[in-house]
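I have placed the structure first, in the form of structure tokens, so that the comments after it can refer back to it.
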């Protein structure tokens, strides 16, 4: 037996709104990374052999001096985690920017010039998609070394194809639009058309795809650093901390556990935000 | 069909040749090889003799054709450190990687497909939602973090399972599960969507109208249609499995090929790195090609599109 009641739809509170909540928490994480030098209670690389492997504060023997404990040479884990977030996010962000610029340039060229240029560029994109990314990055690192810029460039190099495809598709659509045709008839040059008509139209799909691929890039950096081929000491990155702490799991789980937890939380936040963003966009597109 | 096959084979060949060129350039332009072999430096006339012996004086094109020729004769170079033949270093460690990877693949298929099907057929139930949440977690968390977590829980906290090496069957459990979980999650997520798509199709309604049982409909009309696109996902996942095994081998200290590859990068042992890259790439390209062919066999529409 059902009764018909007319209740107005409950207003969506921010804590019930997955997108707002996850994005808010992500902003918080990014702020922690940006403000790491201000927030960190200790120098992340200062060793203190008197308090090695100190447990986190909630465990027996823990103290507020090192709220999340210390690692095998007495470095403060809270500070290292803050700095690790800073490193991981900056490498991922620069890698993403690099690949976006590369992808957009190639996509715009391919879409606007067309013809044989388009065909060659797109064949290149097809082949690049088939190449195993991790192997490419490993080759690059072996040749060029493990400096941070190499990491950024290599991470960027394996991601550009998706953007190039997207941009090319959009360019092909946009350049047939009425007002672009009109401005061409009025004598607008290629550069004007790109700047005024093509790029602004690309902004929103690009922002979505970039947001969605950020966690993948972040994990790539963490994974490489975990294997020891990513960032090098004394720089701390989340992956590097996990890789280094791996050998002390029996005696001091928190050395690898704390950064692992940070990685889990960050990737989950990105996944939730990405899913919510996709749902939201689907709704908008259906309306 | 033949045209479709032709295009795919040509594409696979192009990909492989680009990998070959990259591998060649990697080795050739990574600094003077003698610096790595003789860090204290060698006299110029000896270096000249060595360059002669290793054909480094030839033009780059001749070097490339020599390289291809050697490879065709099965000569893939040796490690600068152990002087072991590169391919042998991988061959020795292949069994461990294959065993763990193969078991993980089986496990993932056996759990992932029913899990996704269940979540689609009982869409509204709490159990299905729980299943998809687990899949969501498994999808988001990378292999190495998952592995560390399982080691901490099952190895050290509950002390149930061994956590390093592969000496007994018990040792296989944690690495196989770690490698399988992200793949289970991916298959379940994909399977659920594919099933929901298949459910919405008209012939399912027809089948219901003519009075087939729910089980029969699920088996004959929904699952079969959903399985075809699953092939592509499985192919991609095998490539993912190969990447994942590098991390899983590091977490559990397994004697597999992933470690040889990572050590080659760290030591800049180029002959070893080169063979690893070629072998990995060849396997991935071959699997992709096989999936494409299977896909065309299973779904005639693909063939016609070519």
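Residue numbers (the working numbering), protein chains in the order written: chain A, 99 to 385; chain B, 3 to 308.
Where a beta carbon is used, it is the ideal one built from N, C-alpha and C, also for glycine.
Kindly say whether residue 125 of chain B, judged by its beta-carbon, lies nearer than 8 Å to any beta-carbon of chain A.
For residue 125 of chain B, the answer is no, since every Cβ of chain A falls outside 8 Å of its Cβ.
Who are the near neighbours of residue 167 of chain A in its chain, counting only those whose CB is closer than 6 Å to its CB and skipping five residues on each side?
So the qualifying residues of the chain are 152, 153, 154, 175 and 352.
Please check if any C-beta of chain A sits within less than 8 Å of the C-beta of residue 282 of chain B.
The C-beta of residue 282 of chain B comes closer than 8 Å to at least one C-beta of chain A.
Does the stretch 355 to 371 of chain A come close enough to the stretch 140 to 155 of chain B that 3 or more CB-CB pairs lie under 8 Å?
Enough Cβ pairs lie closer than 8 Å, so yes.
Coarse secondary structure for residue 150 of chain A, derived from DSSP in three states
Correct three-state label for residue 150 of chain A: coil.
So for residue 94 of chain B, helix, strand or coil by DSSP?
Looking at residue 94 of chain B - three-state DSSP - the assignment turns out to be helix.
So, at 7 Å on beta carbons, what are the nonlocal neighbours of residue 66 of chain B in its own chain, with the 5 sequence-adjacent residues on each side left out?
Within the same chain, residue 66 of chain B has close Cβ partners 26.
Distance check for residue 140 of chain A and residue 450 of chain A, CA to CA, integer angstroms please.
Here chain A covers residues 99 to 385 and nothing more, so residue 450 of chain A does not appear.
Under a Cβ-count criterion, where at least 16 other Cβ atoms within 10 Å of its own Cβ denotes burial, should residue 160 of chain B be classed as buried or exposed?
Of the residues assessed, residue 160 of chain B falls on the exposed side of the cut-off, its CB having fewer than 16 other CB atoms within 10 angstroms.
Mark residue 277 of chain A as exposed unless 16 or more other C-beta atoms lie within 10 angstroms of its C-beta, in which case mark it buried.
By the 10 Å Cβ count, residue 277 of chain A comes out exposed.
I need the DSSP call for residue 168 of chain A, collapsed to helix, strand or coil.
Reduced to three states, the DSSP call for residue 168 of chain A is strand.
So with CB distances below 8 Å, who are the chain B contacts of residue 240 of chain A?
Correct list: 28, 32, 266, 267, 270, 272 and 275.
So, using beta-carbon positions, are residue 183 of chain A and residue 125 of chain A closer together than 8 Å?
For the 8 Å CB-CB criterion, residue 183 of chain A and residue 125 of chain A do not form a contact.
Using 8 Å for Cβ pairs, my map puts residue 246 of chain A next to residue 189 of chain A. What's the rounded Cβ distance?
About 7 Å separates the two Cβ atoms, so the contact holds.
Just the C-alpha distance for residue 134 of chain A and residue 186 of chain A, rounded to the nearest angstrom, thanks.
The straight-line gap from Cα to Cα measures roughly 12 Å.
Every unbroken alpha helix (DSSP H) within the stretch 189 to 221 of chain B, with a cutoff of 4 residues, ordered by chain:
The qualifying runs are 204 to 211 and 216 to 219.
Interface partners of residue 348 of chain A on chain B, CB under 7 Å:
The contacting residues are 158.
Say whether chain A places a C-beta atom closer than 8 Å to the C-beta of residue 1 of chain B.
The question about residue 1 of chain B has no answer here: the residues shown for chain B are numbered 3 through 308.
Taking just the CA atoms, how far does residue 205 of chain A sit from residue 292 of chain B?
Those two C-alpha atoms are separated by around 30 Å.
Cβ atoms of residue 21 of chain B and residue 308 of chain A: under 8 Å apart, would you say?
Taking 8 Å as the Cβ cut-off, residue 308 of chain A and residue 21 of chain B do not qualify as a contacting pair.
Between the alpha carbons of residue 192 of chain A and residue 306 of chain A, how many angstroms are there, rounded?
Distance between the alpha carbons of residue 192 of chain A and residue 306 of chain A is about 17 Å.
Let me check understanding here. Comparing Cα to Cα, which of B:287, B:205, B:149 and B:255 lies closest to residue 241 of chain B?
The option with the nearest alpha carbon to residue 241 of chain B is B:287.
Which same chain residues end up closer than 8 Å to residue 335 of chain A when comparing Cβ atoms and leaving out the 5 residues on each side of it in sequence?
Cβ within range, chain order: 182, 185, 186, 189, 319, 320, 323, 328 and 329.
Where does residue 7 of chain B fall in DSSP's three states?
Of the three classes helix, strand and coil, the one that applies to residue 7 of chain B here is helix, per DSSP.
Quick check on residue 23 of chain B: buried or exposed, where buried means 16 or more other Cβ atoms within 10 Å of its Cβ?
Note on residue 23 of chain B: under 16 other CB atoms within 10 angstroms of its CB, so exposed under the neighbour-count rule.
Interfacial residues, the stretch 358 to 376 of chain A to chain B, with Cβ spacing under 7 Å
Residues 358, 361, 362, 365, 366 and 369.
Chain A contact for residue 47 of chain B (CB, 8 Å cutoff):
It does not; no Cβ of chain A falls within 8 Å.
Counting only beta-carbon atoms, is residue 263 of chain B nearer than 8 Å to chain A?
Contact with chain A is found for residue 263 of chain B, since one of that chain's Cβ atoms lies less than 8 Å from the residue's Cβ.
CB contact below 8 Å: residue 70 of chain B versus chain A:
Under the Cβ criterion of 8 Å, residue 70 of chain B is not counted among the residues facing chain A.
Determine the DSSP secondary structure at residue 274 of chain A, reduced to helix, strand or coil.
If DSSP states are grouped into helix, strand and coil, residue 274 of chain A belongs with coil.
C-beta contact flag for residue 106 of chain B and residue 178 of chain B at 8 Å:
Cβ atoms of residue 106 of chain B and residue 178 of chain B: closer than 8 Å.
Hey, which unbroken runs of the beta strand (DSSP E) at 3 residues or more fall wholly within the stretch 252 to 313 of chain A?
Correct list: empty.
Going by beta-carbon coordinates alone, are residue 79 of chain B and residue 93 of chain B separated by less than 8 Å?
With contacts defined as CB atoms closer than 8 Å, residue 79 of chain B and residue 93 of chain B fail to qualify as a contacting pair.
Does residue 116 of chain B come within less than 8 Å of chain A when only Cβ atoms are used?
No, residue 116 of chain B does not count as interfacial toward chain A.
Quick one, which residues of the stretch 165 to 198 of chain B are near chain A if we go by CB-CB under 7 Å, in chain order?
Listed in sequence order: no entries.
Around the C-beta of residue 184 of chain B, are 16 or more other C-beta atoms found within 10 angstroms, so that it is buried, or is it exposed?
Classified as buried, residue 184 of chain B has 16 or more neighbouring CB atoms from the shown chains inside 10 Å of its CB.
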